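Note that numbering that gives the first Met the number 0 has the sequence shown beginning at 0, numbered continuously upward. For glycine and all other residues, C-beta sits at the position ideal for the given N, C-alpha and C. Just so you know, these numbers come straight off a predicted model, no measurement behind them.
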Amino acid sequence: METIDVSRDDGILTVTLNRPERKNAINGPMWEELLATFSDAATDPDVRVVVVTGAGGAFCSGADLAPGDRDSGKHQLSRMRDVADVCIRLHRMPKPVIAKVGGVAAGAGCNLALGCDLIVASEDARFSEIFARRGLSIDFGGSWLLPRLVGLHKAKELALFAEVISAAEAERLGIVNRVVPAAELDAFVDDWARRLAAGPPLALSMTKRLLNDSLSMSMDEALEAEGMAQTVNFGTADTMEAMAAFVEKRDPRFSGR
(Lines of atoms letter the chains of each structure in order from A; the text may use other names.)
(Lines give C-alpha, C1' and ligand atoms only; values in the text may rest on other atoms or scores of the structure.)
Protein backbone atom coordinates (compact mmCIF):
# COMPACT_ATOMS: atom_id res chain seq x y z
CA MET A 0 0.00 0.00 0.00
CA GLU A 1 1.29 3.43 -0.98
CA THR A 2 -1.06 5.71 0.95
CA ILE A 3 -2.53 3.65 3.79
CA ASP A 4 -1.20 1.30 6.45
CA VAL A 5 -3.17 -1.83 7.30
CA SER A 6 -2.57 -3.90 10.43
CA ARG A 7 -4.33 -6.85 12.07
CA ASP A 8 -4.65 -7.85 15.70
CA ASP A 9 -7.06 -10.47 17.07
CA GLY A 10 -9.81 -9.85 14.54
CA ILE A 11 -9.30 -6.07 14.46
CA LEU A 12 -8.29 -4.55 11.12
CA THR A 13 -6.86 -1.05 11.53
CA VAL A 14 -6.76 1.12 8.42
CA THR A 15 -4.53 4.18 8.85
CA LEU A 16 -4.63 6.94 6.25
CA ASN A 17 -0.95 7.71 5.82
CA ARG A 18 -0.26 10.98 4.02
CA PRO A 19 0.55 13.10 7.08
CA GLU A 20 2.31 15.75 4.98
CA ARG A 21 -1.14 16.47 3.43
CA LYS A 22 -3.09 15.85 6.65
CA ASN A 23 -4.10 12.55 5.07
CA ALA A 24 -5.94 14.15 2.16
CA ILE A 25 -7.31 11.41 -0.08
CA ASN A 26 -5.76 11.27 -3.54
CA GLY A 27 -6.46 8.89 -6.42
CA PRO A 28 -4.25 6.05 -5.18
CA MET A 29 -5.79 6.30 -1.70
CA TRP A 30 -9.33 6.00 -3.08
CA GLU A 31 -8.22 2.82 -4.89
CA GLU A 32 -6.48 1.41 -1.83
CA LEU A 33 -9.42 2.16 0.45
CA LEU A 34 -11.80 0.42 -1.95
CA ALA A 35 -9.57 -2.66 -2.16
CA THR A 36 -9.06 -2.76 1.62
CA PHE A 37 -12.74 -2.35 2.49
CA SER A 38 -13.71 -4.94 -0.14
CA ASP A 39 -11.23 -7.47 1.24
CA ALA A 40 -12.28 -6.80 4.84
CA ALA A 41 -15.95 -7.34 3.99
CA THR A 42 -15.34 -10.94 2.92
CA ASP A 43 -12.49 -11.91 5.26
CA PRO A 44 -13.86 -14.15 8.05
CA ASP A 45 -10.84 -13.34 10.23
CA VAL A 46 -11.81 -9.64 10.34
CA ARG A 47 -14.40 -8.98 13.05
CA VAL A 48 -14.16 -5.18 13.30
CA VAL A 49 -12.53 -2.37 11.31
CA VAL A 50 -10.93 0.77 12.78
CA VAL A 51 -10.30 3.74 10.48
CA THR A 52 -7.86 6.44 11.62
CA GLY A 53 -5.20 8.85 10.36
CA ALA A 54 -1.47 9.26 10.83
CA GLY A 55 0.45 12.30 12.05
CA GLY A 56 -2.13 13.93 14.29
CA ALA A 57 -4.92 14.35 11.72
CA PHE A 58 -7.79 12.12 10.69
CA CYS A 59 -8.37 13.33 7.12
CA SER A 60 -8.49 16.83 5.60
CA GLY A 61 -10.72 15.65 2.74
CA ALA A 62 -10.09 14.92 -0.91
CA ASP A 63 -6.75 16.10 -2.28
CA LEU A 64 -7.54 19.05 -4.56
CA ALA A 65 -3.93 19.57 -5.68
CA PRO A 66 -3.65 20.01 -9.47
CA GLY A 67 -1.56 16.87 -9.87
CA ASP A 68 -4.34 14.72 -8.48
CA ARG A 69 -7.10 16.45 -10.44
CA ASP A 70 -5.13 16.05 -13.68
CA SER A 71 -4.92 12.27 -13.40
CA GLY A 72 -6.43 11.70 -16.85
CA LYS A 73 -9.84 10.63 -15.58
CA HIS A 74 -13.01 12.60 -16.27
CA GLN A 75 -14.37 14.25 -13.12
CA LEU A 76 -17.53 12.12 -13.20
CA SER A 77 -15.41 8.98 -13.34
CA ARG A 78 -13.38 10.18 -10.36
CA MET A 79 -16.55 10.91 -8.40
CA ARG A 80 -17.82 7.42 -9.14
CA ASP A 81 -14.58 6.09 -7.63
CA VAL A 82 -15.43 8.13 -4.52
CA ALA A 83 -18.96 6.73 -4.51
CA ASP A 84 -17.65 3.16 -4.73
CA VAL A 85 -15.61 3.65 -1.55
CA CYS A 86 -18.56 5.25 0.24
CA ILE A 87 -20.90 2.38 -0.68
CA ARG A 88 -18.32 -0.26 0.23
CA LEU A 89 -17.93 1.33 3.66
CA HIS A 90 -21.70 1.65 4.14
CA ARG A 91 -22.27 -1.99 3.20
CA MET A 92 -19.41 -3.32 5.31
CA PRO A 93 -21.03 -6.28 7.13
CA LYS A 94 -18.91 -5.65 10.22
CA PRO A 95 -18.74 -2.84 12.78
CA VAL A 96 -16.50 0.06 11.77
CA ILE A 97 -15.07 2.55 14.28
CA ALA A 98 -13.67 5.94 13.26
CA LYS A 99 -10.83 6.99 15.58
CA VAL A 100 -10.61 10.73 15.03
CA GLY A 101 -7.79 12.92 16.23
CA GLY A 102 -7.18 16.34 14.73
CA VAL A 103 -9.03 17.52 11.64
CA ALA A 104 -11.82 15.63 9.86
CA ALA A 105 -12.97 17.87 7.02
CA GLY A 106 -14.93 17.49 3.80
CA ALA A 107 -14.75 13.92 2.55
CA GLY A 108 -12.72 13.17 5.67
CA CYS A 109 -15.59 14.32 7.86
CA ASN A 110 -18.02 12.16 5.91
CA LEU A 111 -15.62 9.21 5.98
CA ALA A 112 -15.92 9.39 9.77
CA LEU A 113 -19.70 9.83 9.59
CA GLY A 114 -19.92 6.77 7.35
CA CYS A 115 -18.47 4.58 10.09
CA ASP A 116 -20.77 2.95 12.64
CA LEU A 117 -19.17 4.54 15.68
CA ILE A 118 -17.01 7.65 16.09
CA VAL A 119 -14.62 8.21 18.98
CA ALA A 120 -12.89 11.60 18.91
CA SER A 121 -10.10 13.15 20.92
CA GLU A 122 -10.78 16.45 22.65
CA ASP A 123 -8.69 18.27 20.04
CA ALA A 124 -10.62 16.82 17.07
CA ARG A 125 -12.36 19.20 14.67
CA PHE A 126 -15.08 18.52 12.13
CA SER A 127 -16.18 20.51 9.09
CA GLU A 128 -18.35 20.05 6.01
CA ILE A 129 -15.88 22.41 4.38
CA PHE A 130 -17.03 21.99 0.78
CA ALA A 131 -18.65 25.42 0.36
CA ARG A 132 -15.38 27.13 1.27
CA ARG A 133 -13.82 25.36 -1.70
CA GLY A 134 -16.65 26.24 -4.08
CA LEU A 135 -18.00 22.69 -3.93
CA SER A 136 -21.17 20.93 -2.87
CA ILE A 137 -21.26 18.20 -0.26
CA ASP A 138 -20.12 14.70 -1.26
CA PHE A 139 -18.91 11.30 0.00
CA GLY A 140 -22.41 10.52 1.24
CA GLY A 141 -22.71 13.65 3.39
CA SER A 142 -26.04 14.69 1.86
CA TRP A 143 -27.48 11.34 2.98
CA LEU A 144 -25.64 10.85 6.27
CA LEU A 145 -25.73 14.30 7.85
CA PRO A 146 -29.53 14.90 7.92
CA ARG A 147 -30.02 11.46 9.45
CA LEU A 148 -27.60 12.29 12.24
CA VAL A 149 -28.49 15.89 13.11
CA GLY A 150 -31.79 16.67 11.33
CA LEU A 151 -32.36 18.50 8.07
CA HIS A 152 -32.09 22.13 9.23
CA LYS A 153 -28.95 21.59 11.30
CA ALA A 154 -27.42 19.67 8.39
CA LYS A 155 -28.10 22.65 6.13
CA GLU A 156 -26.43 24.98 8.64
CA LEU A 157 -23.32 22.82 8.85
CA ALA A 158 -23.08 22.37 5.09
CA LEU A 159 -24.00 25.87 3.91
CA PHE A 160 -21.81 27.78 6.37
CA ALA A 161 -19.01 25.17 6.30
CA GLU A 162 -17.93 26.12 9.81
CA VAL A 163 -15.44 24.12 11.84
CA ILE A 164 -16.96 22.60 14.98
CA SER A 165 -15.19 21.21 18.02
CA ALA A 166 -15.33 17.62 19.21
CA ALA A 167 -17.50 18.75 22.12
CA GLU A 168 -20.01 20.37 19.75
CA ALA A 169 -19.97 17.29 17.51
CA GLU A 170 -20.79 15.17 20.56
CA ARG A 171 -23.61 17.53 21.55
CA LEU A 172 -25.09 17.26 18.06
CA GLY A 173 -24.91 13.46 18.12
CA ILE A 174 -22.27 13.26 15.40
CA VAL A 175 -19.76 11.44 17.59
CA ASN A 176 -20.33 8.76 20.22
CA ARG A 177 -17.55 9.66 22.65
CA VAL A 178 -14.99 12.41 23.20
CA VAL A 179 -11.94 11.43 25.23
CA PRO A 180 -8.59 13.05 26.10
CA ALA A 181 -6.05 12.61 23.31
CA ALA A 182 -3.85 10.47 25.56
CA GLU A 183 -6.75 8.03 26.09
CA LEU A 184 -7.97 7.78 22.48
CA ASP A 185 -5.99 4.69 21.47
CA ALA A 186 -6.86 2.74 24.62
CA PHE A 187 -10.55 3.63 24.45
CA VAL A 188 -10.92 2.61 20.81
CA ASP A 189 -8.90 -0.56 21.39
CA ASP A 190 -11.28 -1.54 24.21
CA TRP A 191 -14.37 -0.95 22.04
CA ALA A 192 -12.81 -2.81 19.10
CA ARG A 193 -11.89 -5.82 21.21
CA ARG A 194 -15.37 -5.96 22.72
CA LEU A 195 -16.92 -5.90 19.26
CA ALA A 196 -14.43 -8.45 17.92
CA ALA A 197 -15.46 -10.81 20.74
CA GLY A 198 -19.14 -10.44 19.82
CA PRO A 199 -21.32 -12.66 17.58
CA PRO A 200 -20.33 -11.69 14.00
CA LEU A 201 -23.54 -12.74 12.25
CA ALA A 202 -25.85 -11.16 14.80
CA LEU A 203 -23.89 -7.90 14.85
CA SER A 204 -23.85 -7.83 11.05
CA MET A 205 -27.62 -8.25 10.83
CA THR A 206 -28.23 -5.68 13.57
CA LYS A 207 -26.11 -3.17 11.64
CA ARG A 208 -28.07 -3.88 8.45
CA LEU A 209 -31.43 -3.56 10.24
CA LEU A 210 -30.47 -0.19 11.69
CA ASN A 211 -29.05 1.09 8.40
CA ASP A 212 -32.22 0.10 6.54
CA SER A 213 -34.66 1.28 9.21
CA LEU A 214 -35.29 4.81 7.91
CA SER A 215 -36.45 3.50 4.56
CA MET A 216 -38.81 0.90 6.08
CA SER A 217 -42.29 0.88 7.52
CA MET A 218 -42.79 -0.67 10.96
CA ASP A 219 -44.30 -3.75 9.30
CA GLU A 220 -41.26 -4.12 7.03
CA ALA A 221 -38.86 -3.64 9.94
CA LEU A 222 -40.61 -6.28 12.04
CA GLU A 223 -40.52 -8.74 9.15
CA ALA A 224 -36.82 -8.08 8.62
CA GLU A 225 -36.18 -8.52 12.35
CA GLY A 226 -38.06 -11.81 12.31
CA MET A 227 -36.02 -13.12 9.40
CA ALA A 228 -32.75 -12.08 11.04
CA GLN A 229 -33.71 -13.68 14.34
CA THR A 230 -34.68 -16.89 12.55
CA VAL A 231 -31.20 -17.00 11.04
CA ASN A 232 -29.66 -16.42 14.48
CA PHE A 233 -31.53 -19.32 16.07
CA GLY A 234 -30.01 -21.62 13.47
CA THR A 235 -26.40 -20.62 14.23
CA ALA A 236 -23.80 -22.22 16.43
CA ASP A 237 -23.14 -18.80 17.98
CA THR A 238 -26.64 -18.51 19.44
CA MET A 239 -26.39 -22.03 20.87
CA GLU A 240 -23.01 -21.08 22.35
CA ALA A 241 -24.50 -17.94 23.91
CA MET A 242 -27.30 -19.96 25.49
CA ALA A 243 -24.85 -22.54 26.87
CA ALA A 244 -22.54 -19.81 28.20
CA PHE A 245 -25.48 -18.17 29.99
CA VAL A 246 -26.43 -21.44 31.70
CA GLU A 247 -22.82 -22.23 32.56
CA LYS A 248 -22.15 -18.69 33.80
CA ARG A 249 -19.16 -18.04 31.51
CA ASP A 250 -18.29 -15.74 28.64
CA PRO A 251 -19.39 -17.03 25.23
CA ARG A 252 -16.82 -17.84 22.55
CA PHE A 253 -18.30 -16.86 19.20
CA SER A 254 -17.05 -18.47 16.01
CA GLY A 255 -19.12 -16.68 13.37
CA ARG A 256 -20.97 -19.88 12.42
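Residue i and residue j closer than 9 Å at C-beta
{"i": "Cys115", "j": "Glu128", "result": "no"}
{"i": "Arg125", "j": "Ala112", "result": "no"}
{"i": "Ala166", "j": "Pro199", "result": "no"}
{"i": "Met29", "j": "Asp8", "result": "no"}
{"i": "Gly56", "j": "Gly10", "result": "no"}
{"i": "Arg256", "j": "Thr235", "result": "yes"}
{"i": "Leu172", "j": "Leu151", "result": "no"}
{"i": "Ile118", "j": "Asn176", "result": "yes"}
{"i": "Gly261", "j": "Arg78", "result": "Beyond the ends of the chain as shown, which are 0 and 256, falls residue 261; an answer cannot be given."}
{"i": "Met205", "j": "Ala228", "result": "yes"}
{"i": "Ala158", "j": "Ile137", "result": "yes"}
{"i": "Asp81", "j": "Leu34", "result": "yes"}
{"i": "Leu184", "j": "Ser121", "result": "yes"}
{"i": "Leu214", "j": "Glu225", "result": "no"}
{"i": "Ala244", "j": "Asp250", "result": "yes"}
{"i": "Glu170", "j": "Val163", "result": "no"}
Residue of the options minimising C-alpha distance to residue i
{"i": "Gly61", "options": "Asn17, Arg171, Arg47 and Pro93", "result": "Asn17"}
{"i": "Ala98", "options": "Leu64, Val85, Asp81 and Cys59", "result": "Cys59"}
{"i": "Pro180", "options": "Thr206, Leu214 and Val100", "result": "Val100"}
{"i": "Leu195", "options": "Pro95, Ser38 and Val85", "result": "Pro95"}
{"i": "Thr36", "options": "Thr235, Leu12 and Asn26", "result": "Leu12"}
{"i": "Met0", "options": "Ile118, Glu32, Ser217 and Ser6", "result": "Glu32"}
{"i": "Asp39", "options": "Val14, Ala24, Ala221 and Asn176", "result": "Val14"}
{"i": "Ala83", "options": "Ala244, Glu183, Gly140 and Ser217", "result": "Gly140"}
{"i": "Asp212", "options": "Asp43, Trp143 and Phe187", "result": "Trp143"}
{"i": "Ile87", "options": "Pro66, Ala41 and Asn26", "result": "Ala41"}
{"i": "Arg47", "options": "Val246, Asp4 and Ala197", "result": "Ala197"}
{"i": "Ala202", "options": "Pro93, Glu247, Ser136 and Ala169", "result": "Pro93"}
{"i": "Val51", "options": "Ala192, Ser254 and Phe245", "result": "Ala192"}
{"i": "His90", "options": "Leu184, Val49 and Ala161", "result": "Val49"}
{"i": "Ala54", "options": "Pro19, Asp43, Ala131 and Met218", "result": "Pro19"}
{"i": "Lys155", "options": "Val85, Asp190, Ala131 and Phe187", "result": "Ala131"}
{"i": "Asp45", "options": "Ile25, Ser6, Gly72 and Asp219", "result": "Ser6"}
{"i": "Ala65", "options": "Asp43, Ile25 and Met216", "result": "Ile25"}
Bridge-paired residues (DSSP) for residue i
{"i": "Val49", "result": "Leu12 and Val96"}
{"i": "Val119", "result": "Lys99 and Arg177"}
{"i": "Ala62", "result": "Ile25"}
{"i": "Ser165", "result": "Arg125"}
{"i": "Ile3", "result": "Leu16"}
Span of the alpha helix (DSSP H), counted from its first residue to its last, around residue i
{"i": "Ala104", "result": "Element bounds for Ala104: not the alpha helix (DSSP H) but the beta strand (DSSP E), Val103 to Ala105."}
{"i": "Ile87", "result": "Gln75 to His90"}
{"i": "Ser261", "result": "For residue 261 there is no data in the structure shown, the boundaries of the chain being 0 and 256."}
{"i": "Ser142", "result": "Gly141 to Val149"}
{"i": "Ala241", "result": "Ala236 to Glu247"}
Boundaries of the beta strand (DSSP E) in which residue i is found, first to last residue
{"i": "Ser38", "result": "Ser38 -> not in any beta strand (DSSP E); alpha helix (DSSP H) instead, spanning Gly27 to Thr42."}
{"i": "Phe126", "result": "Arg125 to Ser127"}
Test: residue i CB closer than 9 Å to a CB of chain C
{"i": "Leu145", "result": "Absent here is chain C; the protein component of the structure consists of one chain."}
Complete runs of the beta strand (DSSP E) confined to the stretch 172-223 [at least 3 residues]: As far as the stretch 172-223 is concerned, its whole beta strand (DSSP E) runs of at least 3 residues are 177-179.
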